[in-house]
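**Q** The structure that follows is given in the form of structure tokens.
Protein chains: 2
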Amino acid sequence: MPKIVDHDQRRMELVNATWRIIARHGMEGATMREIATEAGFANGALKPYFPTKDDLLAFAFGHVFNQTNARMAAATRGLSGLGALRAFCREILPLDENRINEARIVIPFWQKALTDESKARLHDDAMEQWRTHLLQQLHEAREAGELRAEVGDEDIAGHLMNLVLGAQITAVLSPAHYSPDQLSAQLDGYLQLLAGGTFSSPAVEKK
Amino acid sequence: MPKIVDHDQRRMELVNATWRIIARHGMEGATMREIATEAGFANGALKPYFPTKDDLLAFAFGHVFNQTNARMAAATRGLSGLGALRAFCREILPLDENRINEARIVIPFWQKALTDESKARLHDDAMEQWRTHLLQQLHEAREAGELRAEVGDEDIAGHLMNLVLGAQITAVLSPAHYSPDQLSAQLDGYLQLLAGGTFSSPAVEKK
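Top line first, the protein sequences correspond to chains F and S. Each residue of the first sequence is one higher than the one before, starting from 1 at the first, in the numbering used here. Each residue of the second sequence is one higher than the one before, starting from 1001 at the first, in the numbering used here.
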């Protein structure tokens, strides 16, 4: 009987190895050989899964996106409006080591997407899903009277998307002013602007 | 008599060529040979100025930063408070082809800075200069009674920095929802939140 290989499982092991290598040495320093070694694979064993480092990076981005979405689903359960929006954005913000490592995957992915149409489309589709969620949460917040700002929801969703993406850069490259605590306070400050000065963040959600 | 070479001039020509090549082919596709050709130089003529592509990228980032600062100085002349802050941020936002090309230089620079300490420091110093300017403008806005939000200036400066950096990504990778007009409206919407609903952007400054 042939050995049964769980291909999904092996792909995940590779992604986790890629991540650690990229976080350690950057995209340039991350060779396929090193990633294979880190994942405990023979060098040639990688090719069937990911013919090139580019394929691996695209898969790693998809993985970060899916992981973030899974955390968001858990964090927003039972919430709506601004509470849901806060929990949602906190999963994108680099507020712990795991999410800071996600930023270290996403930044090289952006760079690749600049000249790779399929990566650009993957990114745009993912970001559009998030924007749609934010618009829904803003709609709920309006209905509930939580959101009193006269600025339009489209513009607010734009602020939030730019804030959470910008934070990927500042958290990694300027941690002195964009630490987890500072980014968290900035998000709550922004929500306070939306609520017209009355939003107070639930302390229990702090993490 | 030896030929007089204006080294600063030659460096600028190289940076402009780098820019065009990176905008066209990305960092990976931008070879030193291509950049030399684009700038009208023999291949070997590049080495004395920039031994490696990394040196060239660091210089290009510095150039983008200086160009942006020069535009800011011109755009904010005679302004203070929220008016100055608006003009300042507009020079960072990718609101025209030139500034979109700047984003195309900055994104690969971030990626390099992830694992290159001297580039990370260069970036952090530059961003800290901007944050300091923003804090000064916010201080002026408070004094003038233009800024009524109860959120602290440090948090507001954080919002603005993340917004303008996030816009580098969204403008290039998701232009359908972050066009120049949309980013411009988002900035004005944010200023309206700060002003407590009363900020109206001077139409004459629209560009």
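Glycine included, every Cβ here is placed at the ideal spot set by N, Cα and C. Quantities reported herein were computed from a predicted structural model and do not represent experimental measurements.
Of the choices S/A1144, S/Y1178, S/L1014, whose alpha-carbon is the least far from that of S/T1037?
**A** Cα-wise, what sits closest to S/T1037 is S/L1014.
**Q** Please confirm whether S/W1019 and S/I1092 have their CB atoms less than 8 Å apart.
**A** Result no, Cβ atoms of S/W1019 and S/I1092 do not sit closer than 8 Å.
**Q** Just mark F/D55 as buried or exposed, buried being the case when its beta carbon has 16 or more other beta carbons within 10 Å.
**A** Exposed: under 16 other Cβ atoms inside 10 Å.
**Q** Examine chain F for any beta-carbon lying closer than 8 Å to the beta-carbon of S/R1104, and answer yes or no.
**A** True, the Cβ-Cβ gap to chain F drops below 8 Å.
**Q** Where does F/H123 land, buried or exposed, given buried means 16+ other C-beta within 10 angstroms?
**A** Buried is the call here.
**Q** Let me check understanding here. Comparing Cα to Cα, which of F/D188, F/T170, F/G26, F/P48 lies closest to S/M1116?
**A** Here residue 1116 of chain S is Asp; the residue named in the question, Met, does not match the sequence. When each option's Cα is compared against that of S/D1116, the closest is F/G26.
**Q** Chain S beta carbons: is any one of them nearer than 8 Å to that of F/H133?
**A** Output row for F/H133: interface = no.
**Q** Tell me, please, whether the CB atom of F/G81 is closer than 8 Å to any CB atom in chain S?
**A** It does not; no Cβ of chain S falls within 8 Å.
**Q** Would a C-beta distance cut-off of 8 Å place F/I169 and F/I107 closer than the cut-off?
**A** It is a contact, given that the beta carbons lie within the stated cut-off.
**Q** Check each candidate in F/R33, F/R77, F/R10 and name the one with the smallest Cα separation from F/I21.
**A** The candidate whose alpha carbon is nearest that of F/I21 is F/R33.
**Q** Measure the alpha-carbon distance for F/R121 versus S/N1066 and round it to whole angstroms.
**A** Each residue's Cα considered, the two are about 32 Å apart.
**Q** Buried or exposed: where does F/P94 fall if 16 or more other Cβ atoms within 10 Å of its Cβ makes it buried?
**A** Classification for F/P94: buried.
**Q** For S/T978, count neighbouring Cβ atoms within 10 angstroms of its own Cβ and tell me buried if that reaches 16, exposed if not.
**A** Residue 978 of chain S is absent from the structure shown; chain S starts at 1001 and stops at 1207.
**Q** Checking contacts by CB at 8 Å: is S/H1177 closer than that to chain F?
**A** Yes, because at least one Cβ of chain F sits closer than 8 Å to the Cβ of S/H1177.
**Q** Can you have a look at F/H159 and say buried or exposed, based on whether 16 or more other CB atoms are within 10 angstroms of its CB?
**A** Flag for F/H159 reads buried.
**Q** Going by CA-CA distance only, name the one from S/H1063, S/A1103, S/K1053, S/L1134 that's closest to S/A958.
**A** The requested residue 958 of chain S does not occur in the structure, where chain S is confined to residues 1001 to 1207.
**Q** Do you know whose CA, among F/N43, F/W130, F/D155, lies nearest S/Y1190's CA?
**A** Selected option, being the one with the closest Cα: F/D155.
**Q** Using DSSP with H/G/I as helix, E/B as strand and the rest coil, what is S/Q1136?
**A** DSSP places S/Q1136 in helix when its eight states are reduced to three.
**Q** Please classify S/E1102 as buried or exposed, where buried requires at least 16 other C-beta atoms within 10 Å of its C-beta.
**A** Counting Cβ neighbours within 10 Å, S/E1102 comes out buried, since at least 16 surround it.
**Q** Check the Cβ-Cβ distances between F/L237 and every residue of chain S, and say whether any is below 8 Å.
**A** No answer is possible for residue 237 of chain F: the residues shown for chain F start at 1 and end at 207.
**Q** How would you list, in chain order, the residues of chain F whose beta-carbon sits under 8 Å from the beta-carbon of S/Q1186?
**A** Residues of chain F passing the Cβ test: D155, G158, H159, N162.
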